[in-house]
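With the working numbering applied, the sequence shown corresponds to residues 428 to 922, in that order.
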Amino acid sequence: MEKYNKLLIQDFERACEKYAGRTALIYLGEKFSYARLKHLIDRFATALDALGLGKDEKIMLYIPNCPQFVIGYFAAQRIGAIPVPVSPIYTPHEIKYLINDSGSKAVLCLDTNFRYVEEVFDDTCLQKVIVTTYVDLLPAYKRAIGFLFDKVPNGVVRKRDHVYMFKQLTGKYPSSPPRVELNPGEQLCYLLYTGGTTGFPKGCYLTHTGMVSFVDDIRKVGEGFVKEAQEVLIMVAPLFHQMAQGVLFGMVLTKGNTAVLMPIPQVDPILKAIEKYRVTLFLGAPTLYRMILENDRLDLYDLSSLKYCWSGGDVLPLEVFNRWKAKFHVPIYQVYGATEVGFVAMTPLAEEPLPGAVGRPLPSREIRIVDPETLEPVPPGTPGELLVTSEYISKGYWKKPEETAKAYVKIDGRIWYRMNDFVRTDQDGQLYYVDRGADIIKYKGYRVSCSEIEAVLQDHPAVIGACVVGVPDSRVGERIKGIVVLKEDVRGISG
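Here it is as structure tokens:
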């Protein structure tokens with residue numbers, strides 16, 4: 428654990444010293460050097476301290492991909508506070524729950540979301556609201572053009588004693604935040620929330636030691652291939668997800684590279700940015716890869732700069748994997764993990780990704796594949812439920828003992844997280860995703876994977892999407908039912 432015994436921001440600050448003049452972020456055409464970004468982080472950290480925020484207090488980041496996210500994330504950690512990144516599209520009902528569950532004392536939000544925060548303010552533990560805009564950090568002429576031609580979404584901000592403007596705070600306070608003594612093995616790096624597919628989202632916490640181990644694993648995956656101070660990543664994946672944070676810190680902000688931040692995931696602006704900034708690294712969900720391949724204007728853009736692509740957040744259909752490689756001669760590497768445990772498996776860039784494989788277990792993670800009912804290991808090649816453990820991950824949910832008891836299990840004195848995913852391994856140790864536990868159909872006593880059937884359906888040239896579900900049947904347990912979405916130009920096909 429000793430090599431991970433440091434704060435996440437320390438590796439970033441080393442990159443700032445070494446690559447001060449290099450571009451760290453590009454946002455709406457504006458470039459932010461490492462020196463400028465660190466200066467803004469330190470100013471905002473000083474402001475947070477002046478507002479009475481400090482060690483162990485939660486600061487919610489209710490904003491999209493923009494420089495303010497990175498500034499707020501590191502500024503909070505700089506003073507020993509804990510960032511709580513959440514989706515910028517959450518409703519007042521969801522935000523109210525997350526604020527109270529996390530115990531957030533402050534929130535950094537966009538002016539477009541301010542009314543949501545104000546709507547619930549009196550029913551939460553919030554004390555401070557810090558408001559920013561999409562264009563706060565852009566030059567005055569760009570802000571003027573944006574507002575003049577109504578190209579920038581904006582909201583009304585009411586002046587109240589607890590409301591502060593981000594731009595004023597970073598302009599008012601010096602870049603000299605207080606030094607806070609923190610124990611990396613005990614101090615929380617963040618509090619993230621799961622998607623909440625089975626009710627309200629659950630909080631997942633991680634220490635700085637845990638996050639540093641996670642980021643180090645990602646760096647090792649790209650060792651010898653992802654160069655320092657040479658790469659450009661387009662950050663489309665939302666930064667409130669751990670996947671995006673891991674790649675941003677592991678591949679970019681600790682290596683002197685550049686990230687192009689996309690606040691809204693629209694296909695044509697993404698393709699235009701890849702061409703304009705000669706993007707080399709790309710991280711996206713399977714649906715985004717499909718949308719790009721289906722784009723009528725795809726051939727108008729030059730994407731030849733792309734070197735390495737990753738997919739995460741869902742199963743990558745084999746059809747998309749094959750089409751992308753045939754089109755761009757660049758394979759898509761899958762990223763597999765969960766908010767509770769971080770990345771679990773990736774394929775090192777030294778290897779060609781195998782179709783359908785999610786990679787090899789990362790060095791700091793240990794896995795078991797077991798029978799879901801007995802928790803006994805299954806033979807190699809046999810699908811089973813995946814368990815994950817590491818001395819660096821959290822051992823439960825934030826303030827959720829009942830959910831923790833369901834999701835975590837103790838085996839041989841160690842705490843394992845139940846991924847609720849069915850996987851298998853091959854003879855070389857590659858991990859293959861089979862399906863979600865909830866998406867396994869029990870047909871005549873057999874476990875049938877919805878994903879495998881969907882992959883077959885989606886391989887048909889007339890199909891753009893497919894969904895397979897189990898329908899209760901007293902004779903066979905569950906009948907298998909498939910639903911497909913056909914491409915617009917398909918004719919002459921019926922059920």
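Where is the CB? At the ideal position from N, CA and C, for every residue including glycine.
Quick one: Cα of residue i to Cα of residue j, how far?
| i | j | result |
| --- | --- | --- |
| K569 | N492 | 19 Å |
| D862 | V850 | 7 Å |
| I759 | R724 | 21 Å |
| Y461 | G673 | 18 Å |
| K923 | L675 | Absent from the model: residue 923. The displayed extent of the chain is 428 to 922, so no value can be given. |
| F496 | G598 | 17 Å |
| L478 | L467 | 16 Å |
| E779 | C736 | 12 Å |
| D438 | L789 | 20 Å |
| A442 | R463 | 13 Å |
| E812 | K629 | 21 Å |
| L455 | L480 | 30 Å |
| F471 | Y591 | 12 Å |
| L688 | P665 | 10 Å |
| K430 | S791 | 12 Å |
| L564 | V836 | 47 Å |
| A503 | K485 | 8 Å |
Which residues mark the beginning and the end of the alpha helix (DSSP H) in which residue i is found?
| i | result |
| --- | --- |
| T927 | This structure cannot speak to residue 927, because the chain is shown only from 428 to 922. |
| F1007 | A question about residue 1007 goes unanswered here, because the residues of the chain that appear run from 428 up to 922. |
| P713 | P713 to E721 |
| P828 | P828 to A834 |
| P494 | P494 to R505 |
| C443 | L435 to K445 |
| K599 | F593 to K599 |
| K647 | H635 to V648 |
| V674 | Q669 to V674 |
What are the boundary residues of the beta strand (DSSP E) that residue i is part of?
| i | result |
| --- | --- |
| R705 | No beta strand (DSSP E) holds R705; DSSP gives it neither H nor E. |
| D848 | R841 to T852 |
| T518 | Per DSSP, T518 belongs to no beta strand (DSSP E) and is neither H nor E. |
| K532 | S531 to L537 |
| F541 | Not the beta strand (DSSP E): F541 falls in the alpha helix (DSSP H), residues F541 to V547. |
| G769 | G769 to M773 |
| Q761 | I759 to A765 |
| F459 | E457 to S460 |
| A451 | T450 to Y454 |
| M487 | K485 to Y489 |
| G786 | A784 to P788 |
| W825 | From DSSP, W825 is part of no beta strand (DSSP E); its letter is neither H nor E. |
| I661 | V659 to M662 |
| E927 | Here the chain comprises residues numbered 428 to 922, so residue 927 is not present and cannot be evaluated. |
Round the Cβ separation of residue i and residue j to the nearest angstrom and send it over; I've been treating them as touching at under 8 Å.
| i | j | result |
| --- | --- | --- |
| A772 | G651 | Not quite, the Cβ-Cβ distance comes to about 19 Å (not below 8 Å), so this is no contact. |
| N432 | G612 | 6 Å |
| M678 | G649 | 6 Å |
| F755 | L733 | 6 Å |
| G739 | Q761 | 7 Å |
| L698 | V663 | Not a contact, Cβ separation roughly 11 Å. |
Let's test the definition: count the other Cβ atoms within 10 Å of the Cβ of residue i and tell me whether it reaches 16, buried, or not, exposed.
| i | result |
| --- | --- |
| L553 | buried |
| V742 | buried |
| D469 | buried |
| N540 | buried |
| V583 | exposed |
| G840 | exposed |
| G683 | buried |
| P601 | exposed |
| G637 | buried |
| D483 | exposed |
| S603 | exposed |
| K532 | buried |
| H931 | The structure shown does not extend to residue 931, since the chain is modelled only from 428 through 922, so no value can be given for it. |
| K826 | exposed |
| S529 | buried |
| D855 | exposed |
| V896 | exposed |
| V898 | exposed |
| R906 | exposed |
| I526 | buried |
| G872 | Because the pLDDT at G872 is just 44, under 50, the model does not fix this residue reliably, and the value given afterwards should be weighed accordingly. Exposed, by the Cβ-count rule. |
| T518 | exposed |
| K703 | exposed |
Could you tell me whether the Cβ atoms of residue i and residue j are closer together than 8 Å?
| i | j | result |
| --- | --- | --- |
| F667 | P807 | no |
| T816 | W843 | yes |
| F770 | D588 | no |
| Y538 | V558 | Correcting the residue type first, residue 538 is Asp in the shown sequence and not Tyr. Going by C-beta atoms, D538 is nearer than 8 Å to V558. |
| P510 | Y617 | yes |
| G507 | Q614 | yes |
At the 8 Å Cβ level, is residue i part of the contact set with chain C, yes or no?
| i | result |
| --- | --- |
| I506 | Looking at the structure shown, chain C is missing, and only one protein chain is on hand. |
Check whether the Cβ of residue i sits closer than 7 Å to any heavy atom of the ligand ADP, and report yes or no.
| i | result |
| --- | --- |
| M678 | The ligand ADP is absent from the structure shown, which contains no ligand whatsoever. |
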